[in-house]
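Enquirer: For what it's worth, full-length UniProt numbering labels the leading residue of the sequence shown as 1, then goes sequentially.
Quick reminder that beta carbons are idealized off the backbone N, C-alpha and C, glycines included.
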Amino acid sequence: MSEIERRFLDTFLYWATQKGRIKDGKLQGHGMQVGDSISGPRADLSSAEVKEGYEFLLSLDPGRWPLPNLCSPLFQKFIGYILQNVKDLFKNKKELNKFDLLKKELLVLEENLKYLKTFLGFIKNASIELEKSRILFNHMEVVTRNAAYICYLCYVEEMDEDLASRLRLKISNVLQVIKPIEPQVAKMYTGALRCLVKSQTQYNRDVIKFVEDSVHFFLKDHSKLLNSEAFSLMLPPMKDQAESIFQETKQLLTFLIYPPEDPYDDQGKLSDILTCVEGLIAEVASVAYSFSVDKAAEVNLVFSDLLKKIEVVMKDLKDMILKAPLSSKYNFPKTNGLGFIDSLLHYLKELLQDGKCDSAVTDLIAQAQEELSLLISLLEEFVKQQHVFEEVKNHDLWTKVISLAYQAERIIDCLVMGDYPVWYQHLLCKTTTEIKLVNDQLAEFHVQEVEVLIEQEAPDLVPQEVEITPGFDEVVVGFDEEAKSLIKQLVGGPKKLDFVSIVGMPGLGKTTLAKKVYHDETIRHHFDVYAMCCLSQTYDRRKLLLEILNQVRGPSQQNEKDPAVALRRFLMGKRYIVYIDDVWSINAWEDFQGCFPVNENGSRILLTSRLSDVASDINSTRPPLQLRFLSAEESWELLQIKLFNKPTCPSELCEVGEEIARECQGLPLLVILVAGVLTKKEKNKESWRKIAESINSDTDISAKCLDIIELSYRHLPDHLKPCLLYFASFREDEEIPISNLAWLWTIEGFVPNRKPKSVDVPNRKPKSVELVAETLLNDLIGRSLVMVNKKRSTGGVRSCHIHDMLHDFCVTKAKEEKFMQITSTENKDLTSSFYEHRRLCIHHSLYWAGRIGNLQVRSAFFRPPKSGCQEFFDLENFKLLRVLQMECPVSDSSFQRSKELILLKYVGIKGYVESMPSWISNLSNLEVLLVTTVGSGTILPMAIWNMPRLKHVHVQPVASFDGRIPSNSTTLCCLETLATVSLTNKLAKNMIKKATRLRKLKCHCKEPLKLILDALPLETLSVNGKILKFSMPETLTKLTLSDVSLPQTEMSNIGRLPNLVVLKLEHRAFQEGKWEIEDEEFPTLKVLKLRSLKITEWSASDESLQNLERLMVESCFHLQEIPSAIGEISSIKMIEVKRCGESLEKSVRQIQEEQKEECEKEIEVIIYHLDSSA
C-alpha cells in the first residue's frame, strides 16, 4: 500500500473509529467484518469495503456530541485528514487537470474546510450551551463525512465526465450545507461566535485574521459579486451599499467576538446589543447569498434596511461606552506622573507629524493632544508653587489625571498599531472627554486654593548641569591599620596560594577598603598579574572568567572556547593576585577554584563577603578581617569630605553636623547617603537640623540604613525617581554602561523633552537627549545614590552600579510604586496578574509558552542568572512593547514572535545570535539595537540602512552585512552610533553615502580600506585593520587606531585635527619604527595612549601636545624612552606605564624628578612593572 493510499484509508479509519465509539463500540455489517469493536475497523480494508463503510456511516444519524472543548479537536483533526487528502488529489490525481469545473469546486471545498478548522479552533474553549453545541457538531459531522467520502471517490474511481458531474453535484450539496444561507444555519455560526466573548483574552492578530476569514465566509458570494463584471454595471448608490455591507459586517463581527472588556453598569444593555448584532450578522449572511444582479432592485431595499439597523446598533454601542465610567483596574505607575504626561505629549506630536494614521484616528489623537496640553499647562502652574503641587498630588484628582493619561496612551497605541476593535475609537473619545472634565476641575481648584498661597520658587522640569566631581571617587576614611595588615598578609606569608578575606555587614566599606589595598603601589610592584571581579548572588561563570582573562591577558578574549582552561594556563607559574568581591557561598567559590593554579610563588586571592562562615570555609587557617565600624570622629571626617571635598566645615554647622555623623552609627554607607541628601539642601543650621531629627537613633542599624535610603528617595525631584528605580531591572552588582542607560531612560520617557526657561541662550546649541540623560545620572551620582565603576579617558563616567542595599530598596520600591514587577530565582510568581504592569523583569530561567496577553506591558527584561532559558513566551501577545531585553538563547520562534512588535524602540539581545532576520526592518520605530553574541559575530541584513528611526547599533564582538548593496537606494538613515562592524570598501562607501548623521563609528577592516570620512559629523572613531587612504572630519574628538599601518604623513594629518582630545594607538598603528610629532601638532589633545606598538623611537617638538594631561604607555617593549618634552607640558598631570622595559620606566622617573626640582610641579607617575614571563 502506497503512502497516499494509507492517508486516504487513515481518514476513513479515523472517522469510523470515532463513530464506533459513539455507537457503543459496534459498527455492524456493511463491510466491517473484522475488528468491529471499540478499537475501530481493521486496517486492511479494500476500496470496495471502504466505500461501503462510508455509505453506511452516511446513513447514520449524526451523533449526540458533548461540549465543544471535547469535540472541536476531534473535528479539527478529521478536517486535517480531509485537507491532506485534497492536497494529495491535486498533486497525484493527474486526471483532475482535464476536469476544470470539478477542480474549481474542490478548491472551494478546501477553502471552506480550512475556515471551519480555524472556526473550531477558536470556539473549542467557548461556553456554548449544550443543546446549541450538539446542533453545531451534528452540522459539522454532516459536512465532514460527506467531504471525506467525496475525496475518497475522487481518488479511487476512474474519472470520466459522468463521475465528474456527479461529484460536482455532491460537492455543491456539501457547500450548500456549509453556507449560512438558511437563517438557522447562519445563527448557528453566529451563536458560536457570540460565545467567544468569555474566551478571548486579547485582541491580537489571530483574532483579526479570524474576523477577516469570517467576513469572507459569511459574504463569499457577495464578495464575488463585488469583483465581477456585473458589479461594474450597477448604479453608484447600489455599489456603495454593497461595499458598505462588507465593511460594516467586519465591524459587527469584531464587536461580537471582542466586545468592550471593561465592566459596565448596564450589563443588560450590552447583552441586548450583542444579541442584536448576532441576529444582524445572520441576516446579512442570508441576504448576501441571495444577492444577484437580476434581483438588485429587490435586494437593494433589504440592504438599505440592514444598513439602517447596523447604524442604530453602532449608535447604541457608542452611547453605552460614552456613558459608562472608565475602568480603573490597570496598574499604572505612581512615579513622576508629570514627566509621563510630558513624554506622552511628545509622542503624540511625533504621531501627528508622521501622518501615518487614517484621518479619523488622526482627528481623535489631535483632540486628545489638545486636552493633554491644557492639562500639563495647568499642572505646571501648580509646580511653580511646589507646596501647592504636593497638595494636588495628594488629591483624588491626581490619581485620576495619571490614570487618564496612561489609558489614553494605551488606546492610542492600539489605534496606531491598526489592530483594534471598532469601539476603541469611542473609548478614546470617552477618555478625552474625561480629561476635559478634569481640566475644568483643576482650573476651579486653581482659583479656589492657589490665590491665597505664597509663591515659592519652582524647580526646573528639565535638569541642569550638575557638578559631580566630589562624588566621583570613593573616599576612604579610617582603616589605615587594617589596610597595612592586609598588604602585609598579601605580600608576605607562605609561598603557597593563600586567601585573605574581609567580612562585614553591607555598607561597612569592605569593597572600598579592598580596592584601596588592591590598587596600592606595594601590591602592584609585588605581583606579576592582577585582576578583579564581582561574584555576587547571581553570576555568569563564563562572563566572569572572560572578564578576568581580559584583564590578565589583554582585551579581545571573547571568543575563547574554554576560558577556565585558558585562565589556568596563563596564570601557571606567575605570581598573581585576584580580588573577588561579594562572595555569597562556598559553592560559588568552588565553581571558580579550579581556575587558579596553586603556584608556590606567593600568589594571593583577596576576598570580600558578608558571611564570615564563607570566608572561614575558604581558608580555615587564616581568620578573616572582621571590619569594624567607623568611630564618631571618622564618620564626621567622612561626612565633611563628601560635602566639602575636604575635612572642614563652616563653624555654625559643626555641632549639628557632628550630631548627624554620630547618628550614622559608624556605617560608611549611611554617612555617604546622608551626605547625598545634605548636598541638595541649603547649607544652614535649620535645614541640617531637620535631617538630624529624621534619623531615629533607636532603630536597628540595617533598618536605619533603609530609612536613610527612603529619606534620600523622598528628597529626590520627581523626574529622578524613575531613573533611580530603573536600576531594579539590572542584576545586583551589574556594571551598567552609561550610554545604554541613557538610551533606555530616553526611550522610557524619563528625559524631559522641553527646554528649560533658564537656558534660553541665543545661538546655543540644544543638548541631545542622551546628554540630558547623562546629566540626570550625574545628579544621582552627586547625591551618592549611584557609584562610578569606570571613567572615560576624558574624565566622564563610562559605567556605573548601585550598592546592594540600594538595589534591594529599588526592587521593593519599584513594586510598591507599581513602577516595575520583578521576579527572581526565589520568587517565580508568573500568574496573569504578574503581567498587568508597565514593566516586567524576570531574573530566572523561564519555561512559559502560555498565551497570557496584556496591553499594559511596555518594557520586558529577561535576565536569567546563568546562561540558559528553556523557552520564551509569546511576545506577540505583548504587542505594545517598546523595550525588550533578552539575555538568554534566542530561538528562531522567539524572533518570529517579535516581528509584529512595531512599536519597539529598543531591542537588546545577549546570547548566540548567528544572524538577525531581514524582517527586523519592519520594526519602523526601532531606535536602539544591541546584540552581544559569542563566536565570530552576527550577520545584519542590509535593510538596516533603510530603517527610518534607527539611531544606535551596537554589536559585540563584530557585525557583518549580508545581501547586495542596493545600487539605486537614495534613502538616508539616521544612524548616530555604529559599532562594531566589519567593512569592505563597498560597504564603507555605502555607509558614507547613507549615514550622514553618524557620530560614533567602530569598525574592522575586512580588506584594506579607503576611508574618506571627512563628510561625516564623526566625533568618535575606532578602526582596526589596514587602511590604504584615510581622511577624517574636523569634528573628531576621540580616535582609536589598531593595526592600521599608517605612514608618518598620515599621522601628521591626524595631528592637525583641531578638536581631537583622545588618541589611542595600538599594535601596528605605524608603518615605521619611529614616530615624530612636529610643531603645533595635536593642539587640543588631552589623553594619549600607546599600546603594544612596535616603535623604537619617539620624539616630540616642544611646540606640540600643548594641552596633554594624561599619557599611558602599555606593552611597548621596544620603546626605550618617552620624549623629555612631555615633562615640560604645563598641563601634564599623569603618566602611566604598564608592562614596558626598565629603560622606559627610568625615563619617566627622570621626567618626574626634573619637573619636581625645576618647576616644583608634581606629576603623578604610575608604573606596573613588566612581569617575568614577558
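#1: Under a Cβ-count criterion, where at least 16 other Cβ atoms within 10 Å of its own Cβ denotes burial, should S39 be classed as buried or exposed?
#2: Between which two residues does the alpha helix (DSSP H) containing S687 stretch?
#3: Please tell me whether G602 and W636 are closer than 9 Å, where the distance is taken between their beta carbons.
#4: Output the distance between the C-alpha atoms of V517 and V476, rounded to the nearest integer angstrom.
#5: Decide if the region 720-728 is in contact with the region 668-686; the criterion is three or more beta carbon pairs, one per stretch, under 8 Å apart.
#6: Leaving out the 5 sequence neighbours to the left and right, which residues in its chain are closer than 7 Å to H715 when beta-carbon positions are compared?
#7: Which of the three DSSP states is assigned to A313 in this structure?
#8: What is the DSSP secondary structure of K1010, counted as helix, strand or coil?
#9: How long is the line joining the alpha carbons of K989 and T1035, rounded to whole angstroms?
#10: Quick one: what does DSSP say V928 is sitting in, helix, strand or coil?
#11: May I ask you to report which of helix, strand or coil DSSP gives P73?
#12: Determine the burial state of A16: buried for a count of at least 16 other Cβ atoms within 10 Å of its Cβ, exposed for fewer.
#13: So what's D582 in DSSP terms, helix, strand or just coil?
#14: Between the Cα of L169 and the Cα atoms of N146, A366, T190, which residue gives the shortest distance?
#15: With H, G and I counted as helix, E and B as strand and the rest as coil, what does DSSP make of P563?
#16: Tell me whether M916 is buried or exposed, calling it buried when 16 or more other Cβ atoms sit within 10 Å of its Cβ.
#17: Given a cut-off of 9 Å, decide if L1018 and K1029 are closer than it, judged by their beta-carbon atoms.
#18: Which of the three DSSP states is assigned to G121 in this structure?
#19: Determine the direct distance from the alpha carbon of D617 to that of L567, and round the result to whole angstroms.
#20: Tell me whether the beta-carbon of S924 lies closer than 9 Å to the beta-carbon of I944.
#21: What first and last residue would you give for the alpha helix (DSSP H) that runs through Q176?
#22: Rounding to the nearest angstrom, what Cα-Cα distance links L348 and T190 in this structure?
#23: So is Q247 buried or exposed if we call it buried at 16+ other beta carbons inside 10 Å?
#24: Report the residue from T144, F56, L58 whose alpha carbon sits nearest the alpha carbon of residue 1254.
#25: With 16 other CB atoms within 10 Å as the buried threshold, where does A443 fall?
#26: Buried or exposed: which applies to T254, given that a residue is buried once 16 or more other Cβ atoms fall within 10 Å of its Cβ?
#27: Note down the Cα distance separating A531 from V552, rounded to an integer number of angstroms.
#28: Should the region 1066-1083 be regarded as contacting the region 1039-1047, the criterion being three or more beta carbon pairs within less than 8 Å?
#29: So A615 and V503 are supposed to be a Cβ contact under 8 Å. How far apart are they, rounded?
#30: For V928, tell me which candidate among E350, W743, L175 has the shortest Cα-Cα distance.
#31: Sorted by chain position, which residues of the same chain lie with C-beta nearer than 6 Å to W584's C-beta, five sequence neighbours on each side aside?
#32: In angstroms with no decimal places, state the Cα-to-Cα distance between L306 and A186.
#33: Can the beta-carbon of residue 1202 be found less than 9 Å from the beta-carbon of V857?
#34: Within 10 angstroms of its Cβ, does P1123 collect 16 or more other Cβ (buried), or is it exposed?
#35: On a Cα-Cα basis, can you pick out the residue from I435, I1126, V1113, D779 that is closest to N1107?
#36: May I ask which residues mark the beginning and end of the beta strand (DSSP E) holding Y906?
Expert: Result, derived from the coordinates:
#1: Reading the sequence shown from its first residue, position 39 is the one you call residue 39. Annotation note: pLDDT 44 at S39 (below 50); position unreliable, coordinate value reported separately. Per the 10 Å Cβ criterion, exposed.
#2: By one-based count along the sequence shown, residue 687 stands at place 687. 685-694 is the extent of the alpha helix (DSSP H) around S687.
#3: Here residue 602 refers to the residue found at position 602 when the sequence shown is read from its first residue. Here residue 636 refers to the residue found at position 636 when the sequence shown is read from its first residue. Contact: no.
#4: Start at 1 with the first residue of the sequence shown, and residue 517 comes out as number 517. Start at 1 with the first residue of the sequence shown, and residue 476 comes out as number 476. V517 and V476: Cα-Cα distance of roughly 11 Å.
#5: no
#6: Within the sequence shown, the letter at position 715 stands for residue 715. The residues are V677, K680.
#7: By 1-based counting over the sequence shown, the position of residue 313 is 313. For clarity, residue 313 is Val in the given sequence; the question names Ala instead. Here V313 sits in helix by DSSP.
#8: Mapped onto the sequence shown, residue 1010 falls at position 1010. Here K1010 sits in strand by DSSP.
#9: Numbered from 1 along the sequence shown, position 989 holds the residue referred to as residue 989. Numbered from 1 along the sequence shown, position 1035 holds the residue referred to as residue 1035. For K989 and T1035, the distance between alpha carbons rounds to 20 Å.
#10: As a first step, residue 928 is located in the sequence shown; it is residue number 928 there, counting from the start. Strand, per DSSP.
#11: Your numbering for residue 73 matches position 73 in the sequence shown. P73: helix per DSSP, three-state reduction.
#12: Stepping through the sequence shown from its first residue, residue 16 is reached at position 16. When all chains shown are included, A16 counts as buried.
#13: Taking the sequence shown and counting its residues from 1, one reaches residue 582 at position 582. D582: coil per DSSP, three-state reduction.
#14: Numbered from 1 along the sequence shown, position 169 holds the residue referred to as residue 169. Nearest option by C-alpha distance: N146.
#15: For this step, residue 563 is matched to residue 563 along the sequence shown. Correct three-state label for P563: helix.
#16: On the sequence shown, residue 916 is found 916 positions in, with the first residue counted as 1. Answer is buried; the Cβ neighbour count reaches 16.
#17: Here the question's residue 1029 lines up with position 1029 in the sequence shown. Here the question's residue 1018 lines up with position 1018 in the sequence shown. Against a cut-off of 9 Å, the Cβ pair of L1018 and K1029 comes out as no contact.
#18: As a first step, residue 121 is located in the sequence shown; it is residue number 121 there, counting from the start. Helix.
#19: The residue you call residue 567 lines up with position 567 of the sequence shown. The residue you call residue 617 lines up with position 617 of the sequence shown. Between L567 and D617, the C-alpha separation is close to 24 Å.
#20: In the sequence shown, counting from the first residue as 1, residue 924 sits at position 924. In the sequence shown, counting from the first residue as 1, residue 944 sits at position 944. No, they are not a contact pair.
#21: As a first step, residue 176 must be located in the sequence shown, where it is residue number 176. Start and end: 161-178.
#22: If you number the sequence shown from 1, residue 348 lands on position 348. If you number the sequence shown from 1, residue 190 lands on position 190. Those two C-alpha atoms are separated by around 38 Å.
#23: Counting from one through the sequence shown, the residue named residue 247 turns up at place 247. Exposed is the call here.
#24: Not covered by the structure: residue 1254. The range shown for the chain is 1 to 1174.
#25: For the purposes of this step, residue 443 is taken as the residue at position 443 of the sequence shown. Classification of A443: exposed, given that the 10 Å Cβ count is below 16.
#26: Residue numbering aside, residue 254 sits at position 254 when the sequence shown is read from its first letter. Looking at its Cβ environment, which holds 16 or more other Cβ atoms inside 10 Å, T254 is buried.
#27: The sequence position of residue 531 within the sequence shown is 531, counting from 1. The sequence position of residue 552 within the sequence shown is 552, counting from 1. Straight-line Cα distance between these residues: approximately 6 Å.
#28: yes
#29: Numbered from its first residue, the sequence shown carries residue 615 at position 615. Numbered from its first residue, the sequence shown carries residue 503 at position 503. Their Cβ separation, rounded to whole angstroms, is 5 Å, which keeps A615 and V503 in contact under 8 Å.
#30: If you number the sequence shown from 1, residue 928 lands on position 928. The candidate whose alpha carbon is nearest that of V928 is W743.
#31: Along the sequence shown, read from residue 1 onward, the residue named residue 584 stands at position 584. Excluding positions up to five away in sequence, the list reads Q537.
#32: By 1-based counting over the sequence shown, the position of residue 306 is 306. By 1-based counting over the sequence shown, the position of residue 186 is 186. In a straight line, the C-alpha of L306 is about 16 Å away from that of A186.
#33: Given that the chain is displayed from residue 1 to residue 1174, the structure contains no residue 1202 and the question cannot be resolved.
#34: Indexing the sequence shown from 1 puts residue 1123 at position 1123. When all chains shown are included, P1123 counts as buried.
#35: On the sequence shown, position 1107 is the one that residue 1107 refers to. Of the candidates I435, I1126, V1113, D779, the one whose C-alpha sits nearest the C-alpha of N1107 is I1126.
#36: As a working mapping, residue 906 is identified with position 906 in the sequence shown. Y906 -> beta strand (DSSP E) spans 906-910.
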